[in-house]
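First comes the structure, then the notes that go with it.
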Ligand SMILES: Nc1nc2c(c(=O)[nH]1)N[C@H]1C(S)=C(S)[C@@H](COP(=O)(O)OP(=O)(O)OC[C@H]3O[C@@H](n4cnc5c(=O)[nH]c(N)nc54)[C@H](O)[C@@H]3O)O[C@H]1N2
Ligand SMILES: Nc1nc2c(c(=O)[nH]1)N[C@H]1C(S)=C(S)[C@@H](COP(=O)(O)OP(=O)(O)OC[C@H]3O[C@@H](n4cnc5c(=O)[nH]c(N)nc54)[C@H](O)[C@@H]3O)O[C@H]1N2
Ligand code: SF4
Ligand SMILES: [Mo]
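In full-length UniProt numbering, the protein residues as written are 1 to 745.
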C-alpha cells in the first residue's frame, strides 16, 4: 500500500513543496506539491530525481573503516564510534583541542540539527578550525552586513513580488533557483516583473539562461565594484539623491561621496567595458523608479574584493532610496522579540564577532566562527601549536570545492584522523579513516531556521521524516552528541552539554533540533507565543494542520532597519575604514601571459559535485566543457568539442571546449564540482569519466589559488572569478601534457 506524504525539497533555497510517495519504509517517488502555497506544483529535475539518490545502490548504508591496503570495510556503529572517540581523545590529549576541526559543506545548511550541533560542538571545544563552504560562497555577505549594520546576519533580499526595475548582477536564478533568497517559482516571479511593464536587467559576463529571458548587459569579470562605484558617482553628481533622508539613515555620507567622486563612468568604462551612457541610464532608473532594486550573488562574491562589492550593492540600494522599502531590497523578519539585542550580545562573543579570531596560517579573519577553507591544507601541513590533526568533514566535498584540491588531497593523508559523514563516497572521503552514513533529507524531520528571514513571501513549513533512515544511516546531530560525550571528560563546557543531554533524555524530554525549532516557531512571526496568540502556530500545528506550509504575511514588511542595525544610533555605517581600504585593491596589472578571464557557472541538472550519479539527471548524456567565444576560439585554431588546456598561474586542466556567442569575448566559463575520476563511490559518474574524456570532468579549482595572499582580505573568500587564464589546443600525443592534471581523487 503506498501513501502520499507532503514534505519539501531541501537541495536548494526555494525549498519547493514535494509529495513523497512511500511504500512502507521505501520512498517510491517524488512529485511537485500542487497544494504548496508558493511553489504550487513546481519542482526542478534535481528535486524529482532525488528519489534515485535516496535509493541509489551507491549510497552509503553502513559505517566504513579504511583498511591498511586502502580499501574500506564495513564495521558496526559501536565499533566506529568507539574507535573514533579513542583516536579523538588521543589527539586532544597529545595536541590539545586546537588540533581538532570540522568542515561542513553546503547540504549541512539544509539541516537545522546538523549545522546547530556542529557549531555548538566546535564552539564548546574552542577550536579555531571550523570551516565551511561559506568561504567559497557567501561569507562576504556577513562581513559586509557586519560593517554596514553591525549585524552580520542581516541579509537584504529583493522584493520580487513588487519590484518594477530589477538589476541582477552576478546571479543566474533561472538555473540556480535563487540564492540568499527563498523564492519558489523564481522564473515566474521574474517574468511577472516584465509582465507588469517592468524591467529585469542582467549584468553578467555570460549571456546566461536568465539573461536570455530579459535584458543583458555584459561586464568584464571582477569589475562590479567599479561599476557600482560609478552608479553612486552618477547619483550624487546628478543631484538626484535625497541627501537629507540619506543622512538620517546613515553615517559617512560625505566620505562615501568623496570616495566615489573619482569613479565617473568614463573612468571605469575601460575596465568594466560598460558604456558610460548605459551607467547613467541605469543610475537614473534606479533612483526614479518607485520600486527598484539591485540584487547580486555568487558572481559578485567571488571576486578579489567581494566584501566591498557586496557592501556597494547595499549602498547603491540605500542611496537610490531603495533599501528597506516596498519593492526594493528588504529585510525579512523573524519576528522574535529582542532579536536585535540578541545579535548585539552575540557580537561580543569572539567566535561570533567578525575577526574575533584570526587564522594561524595567513592571519585572516574568522566569519561567524568559521575560517577560510582555502587554508585547511596549510593548517594541516604547517607544524606548530594549533596544527590541525583530526578533521571531520560533513556534507562536503572540499577536494573538489575549495581552491587547489590537489594540495588538500595530499594534506588529508597527513592527518592523524579524518572522519566523514556523508550519504556517498566522494573524492574527499576517499582519504578518510572512517566514513559514517548520514540520512538524506527525507529521512529526517526539519524546519529550516537559516532560511526563515529569506523568503520573499514570509512562509513557514515543517516536515516529519517521510521514511525511516535507510540502512544504518543516522542523523548528524545524533552522531555529534556521541562525539561530545566522548570528549566531555577533558572539557568542562562539553561536559556540561553532555550532562544536559543525559539528564533531559532520562526525563524523556531530550534536547533535539525539533525542540529548538519549536521555540523559534512559537516566538516568531505567526507563532503561538506559548499560548499568548491563540491562532499562532507551533511545530506540531505546522506539521498536522499545515502540512503544505503556511504563508504568515502577505509581503515583506518595510521599516526593518530599526530592528536590524545594532549601532546605538541605528544608522548605517557607510565608511568603515576596512571597507574603504579595499578600494586600493581595485587596480590590476594586466597579465599578458594569461589574457583571458575565468568565470564559473551552474547547470540545471547538477548540484555542485554530488548529483552526477542520478540516471534521471544523466539522461541525454552529460559532459563537462569550457564555454568560449568564437573571437577567442578562432585565433587559437579551436573548433567545437576540441580538447583544450586551460592554465592559470596556479594550475592547469584539460577538457573539451564549447564555442558560443553567449559569452563576452575574453571570458571563459567552466562549471565546478566535476573531476570524478574513480576515487569516489559514484559508479555512474566515474564510468562516464572512464568512457569519454570530459564526461567525468575535471576539477576547475585546480586553477584557483589557496595562497593566503590571494584570498579576499575581509572575509577570507576564495577568488574564483575573473582569474587570469590562458587557453590552448591540447596537442595530441604530447607527453608533457597530462590530461588528468588537476583532476582530484
Ligand atoms: N542547478 C543548480 N542550482 C544551484 C546550484 C547548482 O550547483 N546547480 N548550487 C546552489 C548553490 S551552492 C548556490 S551558492 C547558488 C548560487 O546561485 P547564483 O549565484 O544565482 O548562481 P551562479 O550560477 O553561480 O551565478 C553566478 C553568475 O555570476 C556570473 N559571474 C561570474 N563572475 C562574475 C563577475 O565577476 N561579475 C558579474 N557581474 N557576474 C559574474 C556567472 O556568469 C553566473 O551567471 O545556486 C544554488 N543552486
Ligand atoms: N570554482 C568554483 N568553486 C566553487 C563554487 C563556484 O561557484 N566556483 N561554488 C562554491 C559553493 S557556492 C559551494 S556551496 C561549494 C559546495 O561545496 P561542498 O559543500 O564542499 O561540496 P558539495 O559538492 O556540495 O558536496 C556535498 C556533499 O554532501 C553530501 N550530502 C548530501 N546531502 C547530505 C546530507 O543530508 N548529509 C550529509 N552528511 N551529507 C550529504 C553529498 O553526497 C556530497 O558529498 O562549492 C564552492 N566551490
Ligand atoms: S528548485 Fe529543485 S532542487 Fe531546488 S528546492 Fe526546488 S525542487 Fe528542490
Ligand atoms: Mo553555495
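The beta-carbon is built from N, C-alpha and C at its ideal position, and this holds for glycine as well.
Please read all numbers here as calculations on a predicted model, not as lab measurements.
Mapping the DSSP letters down to three states, classify residue 451 as helix, strand or coil. helix
Between residue 744 and residue 303, what straight-line distance do the alpha-carbon atoms span, to the nearest angstrom? Residue placement at residue 744 cannot be trusted, given a pLDDT of 36 that sits under 50; what the coordinates show is reported in the next sentence. For residue 744 and residue 303, the distance between alpha carbons rounds to 24 Å.
Cα separation between residue 568 and residue 346? 16 Å
According to DSSP, simplified to helix, strand and coil, what is residue 117? helix
Buried or exposed for residue 363, please, with buried defined as at least 16 other CB atoms from any protein chain shown within 10 angstroms of its CB. exposed
Excluding five sequence neighbours on each side, which residues of the same chain lie with their C-beta closer than 7 Å to the C-beta of residue 429? 393, 420, 422, 435
So, with DSSP's three-state summary, where would you put residue 594? coil
Any heavy atom of ligand 2 closer than 7 Å to the Cβ of residue 679? no
Looking at the strands, I want to know which residues DSSP matches up with residue 460. 550
Counting pairs of beta carbons, one from the region 336 to 351 and one from the region 673 to 687, are three or more of them closer than 8 Å? no
Run the CB neighbour count on residue 104, radius 10 Å, all protein chains shown included, and call it buried at 16 or more, exposed below. buried
Secondary structure at residue 147, three-state DSSP: helix, strand or coil? helix
What residues are listed by DSSP as bridge partners for residue 644? 655, 729
With three or more C-beta pairs closer than 8 Å as the rule, is the region 434 to 454 touching the region 110 to 118? yes
Tell me whether residue 438 counts as near ligand 2, meaning its Cβ is closer than 7 Å to at least one heavy atom of that ligand. yes
Run through the region 319 to 390 for me and flag every whole alpha helix (DSSP H) of 4 or more residues, listed as ranges in chain order. 339 to 346, 376 to 381
Does the separation of the CB atoms of residue 200 and residue 194 fall below 8 Å? yes
Kindly list the residues whose CB is nearer than 8 Å to the CB of residue 456, restricted to its own chain and excluding five residues on each side of it in sequence; keep chain order. 157, 158, 159, 160, 161, 181, 182, 183, 189, 556
Taking contact to mean 3 or more Cβ pairs, one atom from each stretch, closer than 8 Å, check whether the region 568 to 586 and the region 453 to 473 are in contact. no
Alpha-carbon to alpha-carbon, residue 80 and residue 747: Residue 747 is absent from the model: the chain starts at 1 and stops at 745.
Taking 7 Å as the cut-off, is the C-beta of residue 46 nearer than that to any heavy atom in ligand 1? yes
Contact test: residue 11 Cβ vs ligand 3 heavy atom, cutoff 7 Å: yes
In angstroms, rounded to a whole number, what distance separates the CA positions of residue 213 and residue 412? 44 Å
Residues that DSSP places opposite residue 628 in a beta bridge: 659, 668
Would you tell me roughly how many angstroms separate the C-alpha atoms of residue 175 and residue 272, rounded to the nearest one? 25 Å
Contact check, residue 99 vs residue 348, beta carbons under 8 Å: no
Identify, in the order they occur along the chain, each residue of the same chain with its Cβ nearer than 8 Å to the Cβ of residue 337, setting aside the five sequence neighbours on each side. 523
Suppose you measure from the CA of residue 664 to the CA of residue 631; what does that come to, to the nearest Å? 9 Å
Closer than 7 Å to a non-hydrogen atom of ligand 3 - does that hold for the CB of residue 43? yes
Taking only runs of the beta strand (DSSP E) that begin and end inside the region 156 to 221, which ones reach a length of at least 3 residues, in chain order? 165 to 169, 199 to 203, 215 to 217
Report the partner residues of residue 418 according to the DSSP bridge assignment. 391
In this structure, does DSSP put residue 724 in helix, strand or coil? strand
So within the region 63 to 87, which uninterrupted beta strand (DSSP E) runs reach at least 3 residues, ignoring any that extend past its ends? 64 to 66, 72 to 74
Quick check on residue 288: does DSSP put it in helix, strand or coil? helix
Residue 53 by DSSP, collapsed to three states: which one? helix
Could you pull the start and end residues of the alpha helix (DSSP H) that residue 233 belongs to? 224 to 237
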